[in-house]
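Q: Residue numbers (the working numbering): 455 to 774.
Every residue, glycine too, gets a C-beta built ideally from N, C-alpha and C.
Note that this is a predicted model, so its numbers are computed, not measured.
Okay, here's the thing in structure tokens:
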């Protein structure tokens with residue numbers, strides 16, 4: 455019961471932080487001074503070091519547990535909640551679970567207060583979590599990042615210049631260890647959005663999308679690695695039977711690739727055109743043998759009356 459209660463407290467805290475953290479505005483810290491010590495920079499007031507979020511002379515800074523001012527890419531708790539703002543190392547710290555996001559600080563330690571998009575050095579394991587004065591390699595690779603009104607890196611879907619793009623939310627899927635580095639970066643290729651169905655229908659698998667080399671979300675028919683797929687107007691990959699522009703197609707129920715040739719659905723056989731995948735109806739010749747597919751596309755067997763004439767079909771469907 456105690457464990458459950460603690461979990462509920464953490465979840466509620468994350469929820470309320472999301473409501474409270476509508477901006478990064480909090481009181482200015484005054485009366486102290488910056489000092490350099492052992493190649494690190496601190497902000498000190500009354501012999502106590504500033505820790506966590508502070509706004510000083512109109513700029514926002516972050517200081518680690520030991521008071522060191524940070525620079526570059528940082529994965530930090532959201533500021534402006536009042537829980538870790540304007541604290542010094544002689545004050546109690548709230549240890550309840552905090553929601554974290556990516557922020558970027560210049561080499562002077564000031565937070566990049568960007569609310570649009572910015573081309574910056576790509577996040578790597580070598581250039582994140584650094585402090586002022588620490589030597590580290592700047593990434594030669596550049597990436598475009600989008601920032602929200604709170605100066606944090608955006609995630610999820612964005613619409614720009616007539617196209618949808620997906621900004622990674624969770625890091626590397628399939629990796630046993632959680633890796634936040636890709637968060638906020640423009641996704642490319644196959645992307646599964648695990649958040650679309652949350653609180654809607656958890657029994658349904660998360661939809662797949664395909665994003666081209668520039669990150670644009672694709673729709674309609676697309677050929678990927680030699681196979682055809684269909685993506686609806688929302689970009690989600692279709693599976694199962696799909697009616698497109700007056701014709702039926704079958705897309706693998708799991709992988710989504712378009713099927714061709716003979717396909718068995720339950721006890722019923724269908725024939726899908728080998729060249730374009732559309733479901734055939736009526737008389738169809740396959741490998742020198744004639745078959746008849748009714749108006750629903752189902753292969754017929756036994757005795758059948760077609761256009762007023764009686765025809766006989768083997769159990770395997772060929773006309774005999």
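Take residue 487 as the anchor and find which of 503, 493, 494 and 606 has the nearest alpha-carbon.
A: Ranking the options by Cα distance to residue 487, first place goes to 503.
Q: Are the beta-carbon atoms of residue 608 and residue 620 separated by less than 8 Å?
A: Not a contact, by the Cβ cut-off of 8 Å.
Q: With DSSP collapsed to three states, give me the class of residue 740.
A: Residue state, collapsed to three classes: strand.
Q: What would DSSP say about residue 592, mapped onto helix, strand or coil?
A: Note: residue 592 maps to coil in three-state DSSP.
Q: Please report the distance separating the alpha-carbon of residue 726 from that of residue 689.
A: Distance between the alpha carbons of residue 726 and residue 689 is about 24 Å.
Q: With a CB to CB cut of under 6 Å and the five nearest residues on each side skipped, what residues in its chain are close to residue 751?
A: Result list for residue 751: 724, 733 and 735, in chain order.
Q: How would you write the range of the beta strand (DSSP E) that residue 515 sits in, first residue to last?
A: Counting along the chain, the beta strand (DSSP E) containing residue 515 begins and ends at 513 to 517.
Q: If you count every other CB in all the chains shown that lies within 10 Å of the CB of residue 663, and 16 or more means buried, which is it?
A: The residue is buried, with at least 16 neighbouring Cβ atoms inside 10 Å.
Q: Assign residue 569 to one of two classes, buried (16 or more other C-beta atoms within 10 Å of its C-beta) or exposed (fewer than that).
A: Exposed: under 16 other Cβ atoms inside 10 Å.
Q: Just how far apart, CA to CA, sit residue 748 and residue 767?
A: Roughly 13 Å between the two C-alpha positions.
Q: As a quick exercise: from 552, 671 and 737, pick the residue whose alpha carbon is nearest that of residue 646.
A: Comparing Cα-Cα distances from residue 646 to each of 552, 671 and 737, the minimum goes to 671.
Q: Can you give me the C-alpha to C-alpha distance between residue 643 and residue 695, rounded to a whole angstrom?
A: Computed Cα separation, rounded: 24 Å.
Q: Among 565, 506 and 552, which residue has its Cα nearest to the Cα of residue 512?
A: Nearest C-alpha to residue 512: 565.
Q: Taking C-alpha atoms, which residue in 557, 617 and 581 lies nearest to residue 602?
A: Closest option to residue 602, Cα to Cα, is 557.
Q: Using a Cβ-Cβ cut-off of 6 Å (strictly less than) and excluding sequence neighbours within five positions of residue 777, which residues of its own chain qualify?
A: The displayed coordinates of the chain run from 455 to 774. Any statement about residue 777 would go beyond what the structure contains.
Q: Can you give the Cα-Cα distance for residue 771 and residue 742, rounded to whole angstroms?
A: Each residue's Cα considered, the two are about 13 Å apart.
Q: Please list the terminal residues of the continuous beta strand (DSSP E) segment that includes residue 504.
A: Element bounds for residue 504: 502 to 510.
Q: Can you check the region 692 to 726 for any alpha helix (DSSP H) of at least 4 residues that lies completely inside it and give the ranges in chain order?
A: Whole alpha helix (DSSP H) segments, 4+ residues: zero.
Q: Note down the Cα distance separating residue 625 from residue 641, rounded to an integer number of angstroms.
A: Note on residue 625: pLDDT 44, under 50, position unreliable in the model; no value is reported.
Q: In terms of residues, what are the limits of the beta strand (DSSP E) holding residue 531?
A: Element bounds for residue 531: 524 to 531.
Q: Roughly how many angstroms separate the alpha carbons of residue 572 and residue 665, rounded to a whole number?
A: Taking the straight line from one Cα to the other gives about 21 Å.
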